[in-house]
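Peer 1:
Numbering (our numbering), first residue to last: 1 to 319.
1. Name the residue from 127, 199, 294, 105 whose alpha carbon lies nearest to the alpha carbon of residue 168.
2. When the Cα atoms are used, what is the spatial distance from residue 100 to residue 132?
3. When the Cα atoms are used, what is the spatial distance from residue 204 to residue 145?
4. Which stretch, first to last residue, makes up the beta strand (DSSP E) that contains residue 234?
5. I'd like the span of the alpha helix (DSSP H) that includes residue 128, first residue to last.
6. Please report the straight-line C-alpha distance between residue 318 and residue 266, rounded to a whole angstrom.
7. Anyone know if the C-beta pair for residue 263 and residue 281 falls short of 9 angstroms?
8. What is the rounded straight-line gap between the Cα of residue 92 and the Cα of residue 64?
9. What residues in its chain sit with their C-beta under 7 angstroms from that of residue 109, if we drop five residues either side in the sequence?
10. To the nearest angstrom, how far is it from the Cα of residue 179 to the Cα of residue 130?
11. Could you pull out every residue in the same chain whose Cβ sits closer than 7 angstroms to the Cβ of residue 206, ignoring the five residues on either side in sequence?
12. Helix, strand or coil for residue 163? Go by DSSP, reduced to three states.
13. Can you round the beta-carbon distance between residue 136 and residue 183 to whole angstroms, since I take them to be within the 8 angstroms contact cut?
14. For the candidate residues 232, 162, 300, whose alpha-carbon lies nearest to that of residue 285?
15. Count the other CB atoms, across all protein chains shown, that sit within 10 Å of the CB of residue 78; report buried if there are 16 or more and exposed otherwise.
16. By the three-class DSSP mapping on this structure, what secondary structure does residue 318 have?
17. For residue 349, which of helix, strand or coil comes out of DSSP?
18. Fully enclosed by the stretch 67–135, which alpha helix (DSSP H) runs are 4 residues long or longer?
19. Which residue wins for smallest C-alpha separation from residue 185, given the options 193, 173, 175, 217?
20. Within its chain, find whatever has a CB closer than 7 angstroms to the CB of residue 173; leave out the 5 residues flanking it on each side and keep chain order.
21. Closest to residue 140 by C-alpha separation, out of 117, 148, 149, 164, would be which residue?
22. For residue 102 versus residue 181, is the C-beta distance shorter than 9 angstroms?
23. Could you check what DSSP says for residue 193 in three-state terms: helix, strand or coil?
24. Whole angstroms are fine: how far does the CA of residue 304 sit from the CA of residue 315?
25. Spell out the partners DSSP gives residue 300 in its beta bridges.
26. For residue 193 and residue 111, what's the separation of their Cα atoms in angstroms?
27. Kindly identify the DSSP beta-bridge partner or partners of residue 138.
28. Straight-line CA distance for residue 175 to residue 114?
29. In whole angstroms, give me the CA-to-CA distance for residue 97 and residue 200.
30. Could you give the residue range of the alpha helix (DSSP H) that holds residue 172?
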C-alpha cells in the first residue's frame with residue numbers, strides 16, 4: 001500500500017536538481033543549489049558500471065515498417081506516437097492498457113495508426129501486439145516515489161524492471177510474423193550515479209536500479225538476438241502532457257526558454273528534459289544508424305529549438 005512521501009524528501013529531491021517554484025518560500029529557494037543550464041557530472045562517478053557491451057547491427061528501418069510504441073498514453077509516449085504518425089514514414093502501433101484511453105489521448109483515426117491493448121506486467125498480453133512489428137519503443141514508466149500511480153502494483157520493480165523484461169521476452173518469442181530490427185528504451189539520467197545526489201534520493205525506492213537492470217538485459221538480448229538498440233536517458237521530464245504525479249506535474253513545469261537540446265553519450269548531464277525534445281530525439285534517431293548502439297543522455301538548455309542542420313550535425317557527431 002502506497003503512502004505519501006514526506007514533504008522534506010520531496011523538497012530535497014526537487015531542490016537538488018536546481019529547480020525553482022513560485023510555491024516555495026524565498027528563504028527555501030535561496031538555500032537550494034543554483035543551476036544555469038545543464039551541469040556535467042564528474043567522469044569518476046560512483047555509480048554502477050556497465051556489465052554488458054553495446055552492440056550495433058545498423059539494420060535500417062524501411063518505409064512502412066511497423067513501429068510499436070509501448071506506453072503510448074504516457075507523456076513521452078503520446079508525443080513519440082504523434083510525431084511518428086505526423087512524419088508518415090512508418091506504420092505506427094500504439095500500445096497501452098486501455099484502447100479507449102489510447103483513442104482519447106491520441107485523437108482520431110489515421111491510416112498510419114492502429115491501437116492495441118497490452119499490459120507490460122502481463123506477458124501473455126504482449127505476444128499478439130508485438131508479434132508483427134519491426135521496431136519497439138519502450139516508453140513505459142511509473143513514479144519514482146510512492147504515489148497514487150503505485151496503486152494496482154505499478155511500482156518501479158513491476159513496471160521498470162519486470163515489465164521491461166516481459167516486453168523483451170515477448171519480442172524475441174517464436175514464432176513471429178516479423179523480426180524486430182530496433183529497440184529504443186527510455187531510461188533515465190542517474191542510472192550510473194546512484195551514489196550521488198540527487199540520484200541517491202531519486203533511487204530511494206529503486207527506480208534507477210530497476211531501469212539499470214533493464215538496460216543491461218536489453219544489451220544482452222540485443223547481442224544474442226541481433227537487433228539494434230538505443231538507450232535514451234532524459235533528465236527530469238518537464239512540459240506537457242503531464243501524466244505523472246511528481247512535483248513537476250503538480251506545478252505544471254514548462255520548459256520555458258530552454259528549448260535547445262543537449263545530448264551526450266553515457267550518463268553525464270544534470271537538468272530538465274522537455275518531453276517534446278525527448279520525443280524528437282527518439283523519432284529522428286530511428287533513421288540515423290550512427291545513433292544506434294549507444295546510451296544518450298538528453299537535457300535542455302536556454303536557447304531556440306534545433307534546426308534541421310543542427311539535428312544532422314548532432315547525429316553525425318556520434319559517428
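The beta-carbon is built from N, C-alpha and C at its ideal position, and this holds for glycine as well.
Peer 2: Working from what's here:
1. 127
2. If you draw a straight line from the Cα of residue 100 to the Cα of residue 132, it comes to about 22 angstroms.
3. 8 angstroms
4. Element bounds for residue 234: 228–234.
5. 127–130
6. 12 angstroms
7. yes
8. 9 angstroms
9. none
10. 10 angstroms
11. 156, 157
12. Correct three-state label for residue 163: helix.
13. 5 angstroms
14. 232
15. buried
16. coil
17. Residue 349 is absent from the structure shown; the chain starts at 1 and stops at 319.
18. 75–87, 99–106, 127–130
19. 217
20. 127
21. 164
22. Cβ distance not < 9 angstroms, so residue 102 and residue 181 don't count as in contact.
23. coil
24. 18 angstroms
25. 261
26. 43 angstroms
27. 70, 185
28. 22 angstroms
29. 31 angstroms
30. Unbroken run through residue 172: none, as it is neither H nor E.
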